[in-house]
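Q: Under the numbering used here, the first residue of the sequence shown is numbered 15, with each subsequent residue one higher.
Glycine residues also receive a C-beta, built at the ideal position from the N, C-alpha and C atoms.
Bear in mind that the values here come from a model prediction, so they are computed numbers and not experimental data.
I'd like to ask you about the structure that follows.
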Amino acid sequence: MRSRLVLALCALVLCSGCATRSASGNSYPRYETRTVYDVEYGEVVATRIVAIEGDASFIGVWGGSEVGRAVAGTVGDGAARGVARAVGAVAGAVAGGAIEKKLTAEDGLEITVRLDSNGDTIAVVQAQDVLFAPGERVRVLFGPHGSTHITLP
Numbered sequence: 015m016r017s018r019l020v021l022a023l024c025a026l027v028l029c030s031g032c033a034t035r036s037a038s039g040n041s042y043p044r045y046e047t048r049t050v051y052d053v054e055y056g057e058v059v060a061t062r063i064v065a066i067e068g069d070a071s072f073i074g075v076w077g078g079s080e081v082g083r084a085v086a087g088t089v090g091d092g093a094a095r096g097v098a099r100a101v102g103a104v105a106g107a108v109a110g111g112a113i114e115k116k117l118t119a120e121d122g123l124e125i126t127v128r129l130d131s132n133g134d135t136i137a138v139v140q141a142q143d144v145l146f147a148p149g150e151r152v153r154v155l156f157g158p159h160g161s162t163h164i165t166l167p
């Protein structure tokens, strides 16, 4: 029974990585649908590969804590078991957060664009799912809450 619980919690921690927002320029969060975007056009000046850090949510920390507590509960008896569970829960929480952060990290692309409208130069970081090259024409969508997407025209 205990091993099933540990396996189920491990699966929950791993699946929590799938519940994060995408950093793709071709993906939009639900709350930004049916929203007006200002559209400008420009030219890519430069690109640079960057790392997009992952997130550690409550699910990863809690899941890791539960797994650590369950595993440590098999150690000792009485007061020693209680101490082992507490230590296991803290260590599991730290490990669960770190695992989730690693699983949700991704490669990104910093895209520097010179806008046609005013000559301003901006840089946007998004997932490296579409590669852009200097000199390429792009469409820049400025959305609510400071969100920006760069796409091909």
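Which residues does DSSP list as the beta-bridge partners of Val58?
A: Val127
Q: Quick one: using the 10 Å Cβ neighbour count with 16 as the cut-off for buried, is Val64 buried or exposed?
A: exposed
Q: Give the C-beta separation of Gly78 and Ile113 to the nearest angstrom, bearing in mind that I take them to be a contact with Cβ-Cβ under 8 Å.
A: 7 Å
Q: Using 8 Å as the cut-off, can you tell me whether the region 121 to 139 makes contact with the region 51 to 69, which would need three or more C-beta pairs spanning the two stretches below that distance?
A: They touch, by the three-pair rule.
Q: Would you mind reading off the limits of the alpha helix (DSSP H) that contains Val81?
A: 72 to 86
Q: Helix, strand or coil, according to DSSP, for Glu67 in the structure here?
A: coil
Q: Would you kindly work out how many angstroms separate the C-alpha atoms of Asp134 and Ser71, rounded to a whole number?
A: 36 Å
Q: Does the Cβ of Val50 have 16 or more other Cβ atoms within 10 Å, making it buried, or fewer, making it exposed?
A: exposed
Q: I believe Cys56 touches Gly82 by the beta-carbon criterion, under 8 Å. Please report the beta-carbon distance rounded to the nearest angstrom.
A: One detail in the question is off: residue 56 reads as Gly in this sequence, not Cys. Not confirmed; about 50 Å, so no contact.
Q: By the 10 Å Cβ neighbour count, where 16 or more other Cβ atoms means buried, how is Ala118 classified, buried or exposed?
A: The sequence as given places Thr at residue 118; Ala does not occur at that position. Flag for Thr118 reads buried.
Q: Assuming Val152 and Val53 form a contact by the criterion Cβ under 8 Å, report the distance between their Cβ atoms to the nearest whole angstrom.
A: About 11 Å; that fails the 8 Å criterion.
Q: Thinking just about the alpha-carbon of each residue, which of Ala103, Ala109, Pro148, Asp143 is nearest to the one in Arg128?
A: Pro148
Q: For Ala103, I'd like the list of residues in its chain whose CB is within less than 7 Å of its CB, leaving aside the five on either flank, ordered along the chain.
A: Ser79, Gly82, Arg83
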